[in-house]
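Counting with UniProt numbering, you get residues 1 to 111 for the letters of the sequence shown.
Quick reminder that beta carbons are idealized off the backbone N, C-alpha and C, glycines included.
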Amino acid sequence: MNSGTMSYVLLFAVVIIMLWFTMRSQSKRQKQHQQLVDSLKRGDEVVTIGRLHGVIDSINTEDKTVTLDCDGVYLVFDSVAIARVVNRAKDAAPAASAEASTEEKADKDAE
Numbered sequence: 001m002n003s004g005t006m007s008y009v010l011l012f013a014v015v016i017i018m019l020w021f022t023m024r025s026q027s028k029r030q031k032q033h034q035q036l037v038d039s040l041k042r043g044d045e046v047v048t049i050g051r052l053h054g055v056i057d058s059i060n061t062e063d064k065t066v067t068l069d070c071d072g073v074y075l076v077f078d079s080v081a082i083a084r085v086v087n088r089a090k091d092a093a094p095a096a097s098a099e100a101s102t103e104e105k106a107d108k109d110a111e
């Protein structure tokens, strides 16, 4: 092989390696986003790809849609439109026990 052919082979190899790294990082991001979408639940505060902030009201896994409550306005988005989760919803059980303990303290103070 002459030096011209070797230059083309080397250039081709560099391009292939760059494409491989690009596809690999894109695949990682895609998997992370799918995990994010799969972990969504009612009450999570999220931001969409359009930078709209809202709270998840319902999730339709069959249609792959999410209904967001944006200050009383309910909007339906594809679940892939969720860019990130701002705050995760807290479990209902600890919240209920906290409310009960607050009521008990109020009752004791009233006595």
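With H, G and I counted as helix, E and B as strand and the rest as coil, what does DSSP make of residue i?
i: residue 24; result: helix
i: residue 43; result: coil
i: residue 36; result: helix
i: residue 49; result: coil
i: residue 81; result: helix
Which residues share a DSSP beta bridge with residue i?
i: residue 7; result: DSSP, once it has assigned bridges, lists no residue as partnering residue 7.
i: residue 60; result: 65
i: residue 15; result: Residue 15 pairs with nothing; no bridge assigned.
i: residue 54; result: 46
i: residue 87; result: 45
Let's test the definition: count the other Cβ atoms within 10 Å of the Cβ of residue i and tell me whether it reaches 16, buried, or not, exposed.
i: residue 54; result: buried
i: residue 77; result: buried
i: residue 73; result: exposed
i: residue 71; result: exposed
i: residue 66; result: buried
Please report how far the alpha carbon of residue i lies from the alpha carbon of residue j, in whole angstroms.
i: residue 116; j: residue 68; result: Absent from the model: residue 116. The displayed extent of the chain is 1 to 111, so no value can be given.
i: residue 169; j: residue 27; result: This structure does not reach residue 169, given that the chain is present from 1 up to 111, and the question cannot be answered.
i: residue 95; j: residue 31; result: In this prediction, residue 95 scores a pLDDT of 41, lower than 50, which makes its location untrustworthy; no coordinate-derived value is stated.
i: residue 16; j: residue 7; result: 14 Å
i: residue 46; j: residue 12; result: 43 Å
i: residue 43; j: residue 51; result: 18 Å
i: residue 24; j: residue 10; result: 21 Å
i: residue 29; j: residue 35; result: 10 Å
So which of the options has the shortest CA-CA distance to residue i?
i: residue 84; options: 19, 11 and 48; result: 48
i: residue 87; options: 81, 80 and 56; result: 56
i: residue 79; options: 71, 39 and 73; result: 39
i: residue 82; options: 14, 19, 64 and 2; result: 64
i: residue 140; options: 62, 34 and 58; result: Residue 140 lies beyond the stretch modelled for the chain, which goes from 1 to 111, so this question has no answer here.
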